[in-house]
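Novice: Protein chains in written order, with our numbering: chain D, 340 to 672; chain Y, 340 to 672; chain V, 5 to 217; chain P, 5 to 217.
Handing you a structure now.
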Amino acid sequence: MKKLINAPEGVVKDALAGIAAAHSDLVTVHYDPDYIVRADAPVKGKVGIISGGGSGHEPMHGGFVGRGMLDAACPGAVFTSPVPDQMLAATKAVDGGAGVLHIVKNYTGDVMNFEMAAELAAAEGLDVAAVVTNDDVAVENSTWTAGRRGVGVTVLLEKMVGAAAEAGANLAECKRIAEKVNAQGRSMGMALTACTVPHAGKPGFELGDDEMEVGIGIHGEPGRRKEKLTTAANITEMLAGPILDDLPFQRGDTVLAFVNGMGGTPQIELYVMYNELAKLLADRGITIGRNLIGSYITSLEMAGCSFTLVKLDDELTKLWDAPVLTPALRWGA
Amino acid sequence: MKKLINAPEGVVKDALAGIAAAHSDLVTVHYDPDYIVRADAPVKGKVGIISGGGSGHEPMHGGFVGRGMLDAACPGAVFTSPVPDQMLAATKAVDGGAGVLHIVKNYTGDVMNFEMAAELAAAEGLDVAAVVTNDDVAVENSTWTAGRRGVGVTVLLEKMVGAAAEAGANLAECKRIAEKVNAQGRSMGMALTACTVPHAGKPGFELGDDEMEVGIGIHGEPGRRKEKLTTAANITEMLAGPILDDLPFQRGDTVLAFVNGMGGTPQIELYVMYNELAKLLADRGITIGRNLIGSYITSLEMAGCSFTLVKLDDELTKLWDAPVLTPALRWGA
Amino acid sequence: MRITVEHVIKFVEGVAARIKEHRDELVQLDSPIGDSDHGVNMDRGFTTVLDKLPTVADKDIGTILKTVGMTLVSTVGGASGPLYGTAFIRAGMALTDRYELTPAEVVVALEAALEGIQARGKAQRGEKTMIDAIGPGVDVLKEAQANGEEFMSAMRRSVAAVEEGMKSTIPMLATKGRASYLGQRSIGHQDPGATSSFYIAQVMLETVEGIHE
Amino acid sequence: MRITVEHVIKFVEGVAARIKEHRDELVQLDSPIGDSDHGVNMDRGFTTVLDKLPTVADKDIGTILKTVGMTLVSTVGGASGPLYGTAFIRAGMALTDRYELTPAEVVVALEAALEGIQARGKAQRGEKTMIDAIGPGVDVLKEAQANGEEFMSAMRRSVAAVEEGMKSTIPMLATKGRASYLGQRSIGHQDPGATSSFYIAQVMLETVEGIHE
Ligand SMILES: Nc1ncnc2c1ncn2[C@@H]1O[C@H](COP(=O)(O)OP(=O)(O)O)[C@@H](O)[C@H]1O
Ligand SMILES: Nc1ncnc2c1ncn2[C@@H]1O[C@H](COP(=O)(O)OP(=O)(O)O)[C@@H](O)[C@H]1O
Ligand SMILES: [Mg+2]
Ligand SMILES: [Mg+2]
Ligand SMILES: [Mg+2]
Ligand SMILES: [Mg+2]
Numbered sequence: 340m341k342k343l344i345n346a347p348e349g350v351v352k353d354a355l356a357g358i359a360a361a362h363s364d365l366v367t368v369h370y371d372p373d374y375i376v377r378a379d380a381p382v383k384g385k386v387g388i389i390s391g392g393g394s395g396h397e398p399m400h401g402g403f404v405g406r407g408m409l410d411a412a413c414p415g416a417v418f419t420s421p422v423p424d425q426m427l428a429a430t431k432a433v434d435g436g437a438g439v440l441h442i443v444k445n446y447t448g449d450v451m452n453f454e455m456a457a458e459l460a461a462a463e464g465l466d467v468a469a470v471v472t473n474d475d476v477a478v479e480n481s482t483w484t485a486g487r488r489g490v491g492v493t494v495l496l497e498k499m500v501g502a503a504a505e506a507g508a509n510l511a512e513c514k515r516i517a518e519k520v521n522a523q524g525r526s527m528g529m530a531l532t533a534c535t536v537p538h539a540g541k542p543g544f545e546l547g548d549d550e551m552e553v554g555i556g557i558h559g560e561p562g563r564r565k566e567k568l569t570t571a572a573n574i575t576e577m578l579a580g581p582i583l584d585d586l587p588f589q590r591g592d593t594v595l596a597f598v599n600g601m602g603g604t605p606q607i608e609l610y611v612m613y614n615e616l617a618k619l620l621a622d623r624g625i626t627i628g629r630n631l632i633g634s635y636i637t638s639l640e641m642a643g644c645s646f647t648l649v650k651l652d653d654e655l656t657k658l659w660d661a662p663v664l665t666p667a668l669r670w671g672a
Numbered sequence: 340m341k342k343l344i345n346a347p348e349g350v351v352k353d354a355l356a357g358i359a360a361a362h363s364d365l366v367t368v369h370y371d372p373d374y375i376v377r378a379d380a381p382v383k384g385k386v387g388i389i390s391g392g393g394s395g396h397e398p399m400h401g402g403f404v405g406r407g408m409l410d411a412a413c414p415g416a417v418f419t420s421p422v423p424d425q426m427l428a429a430t431k432a433v434d435g436g437a438g439v440l441h442i443v444k445n446y447t448g449d450v451m452n453f454e455m456a457a458e459l460a461a462a463e464g465l466d467v468a469a470v471v472t473n474d475d476v477a478v479e480n481s482t483w484t485a486g487r488r489g490v491g492v493t494v495l496l497e498k499m500v501g502a503a504a505e506a507g508a509n510l511a512e513c514k515r516i517a518e519k520v521n522a523q524g525r526s527m528g529m530a531l532t533a534c535t536v537p538h539a540g541k542p543g544f545e546l547g548d549d550e551m552e553v554g555i556g557i558h559g560e561p562g563r564r565k566e567k568l569t570t571a572a573n574i575t576e577m578l579a580g581p582i583l584d585d586l587p588f589q590r591g592d593t594v595l596a597f598v599n600g601m602g603g604t605p606q607i608e609l610y611v612m613y614n615e616l617a618k619l620l621a622d623r624g625i626t627i628g629r630n631l632i633g634s635y636i637t638s639l640e641m642a643g644c645s646f647t648l649v650k651l652d653d654e655l656t657k658l659w660d661a662p663v664l665t666p667a668l669r670w671g672a
Numbered sequence: 005m006r007i008t009v010e011h012v013i014k015f016v017e018g019v020a021a022r023i024k025e026h027r028d029e030l031v032q033l034d035s036p037i038g039d040s041d042h043g044v045n046m047d048r049g050f051t052t053v054l055d056k057l058p059t060v061a062d063k064d065i066g067t068i069l070k071t072v073g074m075t076l077v078s079t080v081g082g083a084s085g086p087l088y089g090t091a092f093i094r095a096g097m098a099l100t101d102r103y104e105l106t107p108a109e110v111v112v113a114l115e116a117a118l119e120g121i122q123a124r125g126k127a128q129r130g131e132k133t134m135i136d137a138i139g140p141g142v143d144v145l146k147e148a149q150a151n152g153e154e155f156m157s158a159m160r161r162s163v164a165a166v167e168e169g170m171k172s173t174i175p176m177l178a179t180k181g182r183a184s185y186l187g188q189r190s191i192g193h194q195d196p197g198a199t200s201s202f203y204i205a206q207v208m209l210e211t212v213e214g215i216h217e
Numbered sequence: 005m006r007i008t009v010e011h012v013i014k015f016v017e018g019v020a021a022r023i024k025e026h027r028d029e030l031v032q033l034d035s036p037i038g039d040s041d042h043g044v045n046m047d048r049g050f051t052t053v054l055d056k057l058p059t060v061a062d063k064d065i066g067t068i069l070k071t072v073g074m075t076l077v078s079t080v081g082g083a084s085g086p087l088y089g090t091a092f093i094r095a096g097m098a099l100t101d102r103y104e105l106t107p108a109e110v111v112v113a114l115e116a117a118l119e120g121i122q123a124r125g126k127a128q129r130g131e132k133t134m135i136d137a138i139g140p141g142v143d144v145l146k147e148a149q150a151n152g153e154e155f156m157s158a159m160r161r162s163v164a165a166v167e168e169g170m171k172s173t174i175p176m177l178a179t180k181g182r183a184s185y186l187g188q189r190s191i192g193h194q195d196p197g198a199t200s201s202f203y204i205a206q207v208m209l210e211t212v213e214g215i216h217e
């Protein structure tokens with residue numbers, strides 16, 4: 340295991356301290372329970388937007404705390420959903436009197452811990468709503484399973500809902516927008532390499548030199564299937580095909596195209612992939628209205644990428660374009 | 340070799356097409372010779388700021404083209420400095436009548452190719468000046484060698500000089516600022532893994548599971564020495580020590596601290612390193628006035644990091660804070 | 005048989021030690037079909053439980069178990085934190101103000117624990133989770149109680165059923181939890197949560213055997 | 005001996021083929037002490053040269069060599085592009101309007117090429133660069149000319165000197181080019197640029213031998 344860390348048990352706290360040292364103008368870091376709030380929290384009269392999940396997905400979610408996006412993020416241990424104490428403390432810290440929205444990625448652990456936090460918050464008289472993202476088309480959707488994972492859409496949704504809250508939308512409205520983004524978004528990912536959870540000390544799976552995992556999530560787990568490594572163009576088909584078929588996206592649609600690196604992917608490769616995706620979408624008569632290219636929802640040092648497409652309309656486009664001022668996403672400010 | 344590419348010979352063109360598809364609002368990509376110019380080039384009356392170098396260092400330099408930073412970037416083949424035709428064409432494309440500054444990283448190839456371009460440009464009556472960055476303290480500086488490599492300072496310098504040019508500084512003034520940033524900046528880097536040049540097909544060097552290379556550049560070459568892998572705190576000392584001693588930086592100084600990932604380094608590790616660097620600098624009585632944390636000058640998928648410190652004064656701080664609107668760096672706009 | 009506060013504390017300490025012992029094994033089990041954290045999660049939780057135990061050592065068994073559960077909820081995270089946390093809290097709620105337990109009360113508490121896990125996680129048997137280990141164990145105890153079987157013998161059979169249940173997860177297709185994302189590829193691996201449940205059951209049996217001797 | 009336009013074109017084509025043949029070897033040599041691109045750089049350049057050659061096949065030797073040099077400058081990049089490019093351009097400048105060459109003119113052109121490399125790269129001998137291969141080769145030709153030695157024999161001795169010069173780079177400490185960043189670790193590796201220079205010299209010898217037969 341080769342990592343720039345001091346010790347496996349200290350990684351999350353050390354990184355939080357780094358965030359605190361780097362971005363004190365934007366965010367404040369609290370410890371035990373661990374959570375990151377925007378520096379000016381709580382914002383009076385504004386709906387508080389909170390997310391959280393295991394660490395190892397940086398910059399998600401801590402890097403998205405700030406004006407126009409999240410009010411707080413709750414980082415768990417690496418790949419382990421945070422505990423209710425964190426979400427409860429964060430909920431109280433950002434409650435500006437207009438209620439708090441929990442953005443939860445659909446994993447059993449995340450869902451249950453956020454649920455417990457919401458129960459505790461409700462018991463204390465706080466107004467909490469939740470939205471669960473589940474955009475990963477690699478996972479079959481069925482009422483008999485845990486359902487689809489929440490992946491790339493979460494990033495885009497946090498930006499859009501954050502903009503809505505910043506503009507004064509109430510809790511119900513924030514929830515509506517969050518559900519809309521989730522409903523209109525789909526993702527799929529692949530890995531060239533596995534990643535190593537610091538405590539585990541060895542990679543989560545083995546891959547041959549000419550193999551890739553297709554249909555991975557963001558927790559270093561194996562994907563749906565192994566495939567022979569192939570060209571960027573073929574990989575693009577493998578990821579974009581199921582995404583487009585699922586919603587389905589249609590000729591004439593305008594989308595936000597998000598090409599995401601898994602943590603160990605160099606930018607030159609992301610642009611090669613974006614080029615293939617742009618060609619494929621053009622062939623299908625789909626217009627890319629906005630894009631995001633970079634490593635925003637990651638699996639530690641895993642090499643690979645994911646695509647997320649969200650169908651855009653005027654409302655979502657405006658929310659996407661609104662100013663954002665966070666450590667990881669910044670424009671118009 | 341595991342990469343998201345179509346074929347080794349197409350990587351640079353495919354990535355350029357991806358940049359063109361993604362950022363047509365900010366930049367325009369020209370082919371044969373290859374160069375990227377800001378969408379509104381040439382800007383009348385403004386000094387044109389150009390850089391270039393081998394590909395594989397993304398987002399440097401193409402990601403830095405845009406308002407407040409570079410007017411053009413010339414990407415060579417992977418790790419191969421571009422050819423004079425590119426710099427000449429870019430120089431003509433961005434010449435707004437106030438002259439053009441070439442920002443050159445100190446590598447024999449880059450220096451010679453830029454020199455030839457400058458000779459050709461001068462022969463055509465263009466007013467061209469050049470500044471060569473050489474901030475890598477891992478390389479001994481001697482008149483008998485090729486001198487120090489240009490690394491992380493280049494990114495910061497391009498931002499600051501870009502701001503100066505945007506604000507109307509003339510060519511001599513831009514050159515003065517560039518030389519000042521270079522003179523006040525020092526860098527050093529290390530690698531946890533090697534990287535693979537697409538055409539070469541195998542890693543540039545071999546490293547044991549418990550080894551790291553210290554004193555690397557940005558071309559996948561081995562560093563000054565191999566060391567046993569150690570803690571983030573120890574690595575921070577190994578990198579920051581020589582940097583601080585070299586300028587030297589002194590108690591009371593304020594610096595811009597840049598923690599850079601080499602391409603395959605996850606952000607969580609960069610924040611762990613930033614935390615260690617912040618502690619070390621605090622111990623030495625040095626204040627971090629500004630910071631930049633992310634993978635901005637890379638070696639393909641190499642894992643590892645580099646530190647760059649630039650001594651700040653009011654002039655440089657103001658130039659750093661000025662708005663910038665490029666694919667990779669964006670604030671105030 | 006008299007089960008006292010001291011026995012309960014010994015049991016909890018024993019679980020903490022057993023989990024620490026098997027931490028890496030639980031991580032490795034969570035690697036092919038999960039995210040390599042189950043052992044670390046459980047160990048982090050029970051290590052904190054050990055720190056907290058002295059503060060409730062003079063309290064009733066209900067309070068002790070609720071404290072264990074709340075500590076697990078607050079420190080484990082992931083899927084196992086709310087599930088095991090809820091299990092201990094529910095068991096504790098079933099034993100409010102008790103300083104000594106009869107075997108019948110133990111069975112009631114275990115039933116409550118199982119119900120808590122099911123209420124929180126909504127898994128059925130056969131979905132490749134800890135339920136597949138705990139469920140059969142509780143079945144045996146209830147049935148033994150109905151048949152008037154001696155408690156020690158019932159406990160032994162119960163833990164054997166837990167072990168068998170744990171092993172039964174190997175050929176199962178996961179439809180709950182993280183392993184479900186793997187589809188067919190989840191088959192052939194033993195569920196980590198079922199495995200930690202077995203270790204907890206093992207310590208319970210050993211504790212009871214200790215009292216018996 | 006009459007060296008014609010056709011011979012020069014055959015030489016250039018031969019170099020392109022030889023470089024392609026050794027492309028991967030030159031990449032591998034550039035890997036321990038460089039950035040793994042020398043073979044790719046040279047091959048890219050000479051492949052384009054092959055495309056360009058027909059457009060100047062009816063021109064004088066000076067024009068042909070200048071075109072080769074300018075094409076290398078425009079396509080190779082890195083350190084080797086300006087260096088080899090300048091070498092061919094300078095050789096071409098020394099042979100303006102010539103359609104046939106005497107051995108003496110060949111020596112003049114090679115001297116001009118070496119001077120061009122030194123003017124552009126500012127390296128001295130002993131710094132572990134292509135100069136350490138080319139330099140001794142040109143020395144031999146100049147000295148042979150002064151001594152009135154027969155050209156074929158001088159060429160053979162010259163290329164042997166280039167080969168020896170190439171090998172002499174192995175124990176050298178690099179102080180120019182990318183290998184210099186490695187400090188002591190540059191010792192023990194053969195310089196890739198010196199190696200490509202040897203292959204070019206080899207093809208030159210073979211071309212001359214072809215005329216002779
Ligand atoms: N819905 C559920 N009901 C019961 N047990 C579950 C459920 N989901 C997951 N589990 C159990 O949790 C275990 C995984 O725990 P852990 O690895 O700590 O959390 P996570 O899956 O969030 O990483 C699984 O092995 C399984 O036994
Ligand atoms: N200053 C110099 N003078 C002469 N030759 C040089 C000089 N610098 C480098 N070289 C030659 O260039 C070769 C490297 O070429 P290449 O790998 O194509 O370019 P780069 O070093 O830019 O990657 C070296 O092996 C060396 O022979
Ligand atoms: Mg987990
Ligand atoms: Mg090179
Ligand atoms: Mg797990
Ligand atoms: Mg090279």
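Just so it is clear, CB atoms sit at the ideal spot from N, CA and C, and this is done for glycine as well.
1. Are three or more beta carbon pairs between the region 187-199 of chain P and the region 28-41 of chain P nearer than 8 Å?
2. Starting from the Cα of lysine 14 (chain P), find the closest Cα among P:Ile68, P:Thr100, P:Gly96 and give me that residue.
3. Using a beta-carbon distance below 7 Å, is tyrosine 185 (chain V) in contact with chain D?
4. Any chance you could list the beta strand (DSSP E) runs of at least 3 consecutive residues sitting entirely within the region 602-661 of chain D, in chain order?
5. Determine, for serine 78 (chain P), whether the minimum Cβ-Cβ distance to residues of chain Y falls below 7 Å.
6. Counting Cβ pairs, one atom from each stretch, are 3 or more of them under 8 Å apart for the region 604-613 of chain D and the region 493-503 of chain D?
7. Could you give the DSSP three-state label for serine 420 (chain Y): helix, strand or coil?
8. Return the residues of the region 166-200 of chain P that lie within a Cβ-Cβ distance of less than 7 Å from chain Y, sorted by chain order.
9. Between valine 677 (chain Y) and chain P, is there a C-beta pair that is closer than 7 Å?
10. Secondary structure at leucine 668 (chain Y), three-state DSSP: helix, strand or coil?
11. What are the residues of the region 638-665 of chain Y that lie near chain P, defined by any Cβ-Cβ distance shorter than 7 Å?
12. Under 8 Å, CB to CB, which of the residues in the region 414-442 of chain D have a partner in chain B?
13. Measure from the alpha carbon of glutamate 168 (chain V) to the alpha carbon of each residue in V:Gln149, V:Ile215, V:Ala21, V:Gly141, then state which is nearest.
14. Counting only the same chain and skipping the five closest in sequence on each side, list residues whose C-beta sits under 8 Å from that of glycine 66 (chain P).
15. Identify the residues that DSSP records as bridge partners of threonine 367 (chain D): which are they?
16. Taking Cβ positions, are leucine 578 (chain Y) and valine 649 (chain Y) nearer each other than 7 Å?
17. On a CA-only basis, which of D:Lys383, D:Ile582, D:Ala642, D:Asp474 is nearest leucine 619 (chain D)? Give me that one, please.
18. Please report the distance separating the alpha-carbon of aspartate 679 (chain Y) from that of glycine 81 (chain P).
Specialist: So, from the data block:
1. The region 187-199 of chain P is in contact with the region 28-41 of chain P.
2. Within the fourth sequence, numbered from 1, the residue matching residue 14 (chain P) stands at position 10. Closest option to lysine 14 (chain P), Cα to Cα, is P:Ile68.
3. Taking the first residue of the third sequence as 1, we reach residue 185 (chain V) at position 181. For tyrosine 185 (chain V), the nearest CB of chain D lies under 7 Å from its own CB, placing it at the interface with that chain.
4. If we require 3 residues or more, the beta strand (DSSP E) runs fully inside the region 602-661 of chain D come out as 626-633, 643-650.
5. By 1-based counting over the fourth sequence, the position of residue 78 (chain P) is 74. At a cut-off of 7 Å, the C-beta of serine 78 (chain P) has a neighbouring C-beta in chain Y.
6. With fewer than three CB-CB distances shorter than 8 Å, the region 604-613 of chain D does not count as touching the region 493-503 of chain D.
7. Walking along the second sequence from the start, residue 420 (chain Y) turns up at place 81. Secondary structure at serine 420 (chain Y): coil, using DSSP grouped into helix, strand and coil.
8. Residues of the region 166-200 of chain P with a Cβ closer than 7 Å to any Cβ of chain Y, in chain order: Thr179, Lys180, Gly181, Arg182, Ser184, Tyr185, Leu186, Gly187, Arg189.
9. This structure cannot speak to residue 677 (chain Y), because chain Y is shown only from 340 to 672.
10. On the second sequence, position 329 is the one that residue 668 (chain Y) refers to. In the structure shown, leucine 668 (chain Y) falls within a coil segment according to DSSP collapsed to helix, strand and coil.
11. Of all residues in the region 638-665 of chain Y, none is placed with a Cβ closer than 7 Å to any Cβ belonging to chain P.
12. Within the model displayed, chain B is absent; protein chains D, Y, V and P are what it includes.
13. Position 164 of the third sequence holds residue 168 (chain V). In terms of Cα proximity to glutamate 168 (chain V), the closest of V:Gln149, V:Ile215, V:Ala21, V:Gly141 is V:Gly141.
14. Within the fourth sequence, residue 66 (chain P) is the residue found at index 62, counting from 1. If we look at glycine 66 (chain P) and ignore the five residues flanking it on each side, its Cβ neighbours are Gly96, Met97, Ala98, Leu99, Thr100, Asp101, Arg102.
15. As a first step, residue 367 (chain D) must be located in the first sequence, where it is residue number 28. Answer is D:Val376.
16. Mapped onto the second sequence, residue 578 (chain Y) falls at position 239. Mapped onto the second sequence, residue 649 (chain Y) falls at position 310. No, the pair does not count as a contact, with Cβ atoms beyond the cut-off.
17. Residue mapping note: residue 619 (chain D) aligns to position 280 of the first sequence, counting from 1. Of the candidates D:Lys383, D:Ile582, D:Ala642, D:Asp474, the one whose C-alpha sits nearest the C-alpha of leucine 619 (chain D) is D:Ile582.
18. As shown, chain Y starts at 340 and ends at 672. That puts residue 679 (chain Y) outside it, with no answer to give.
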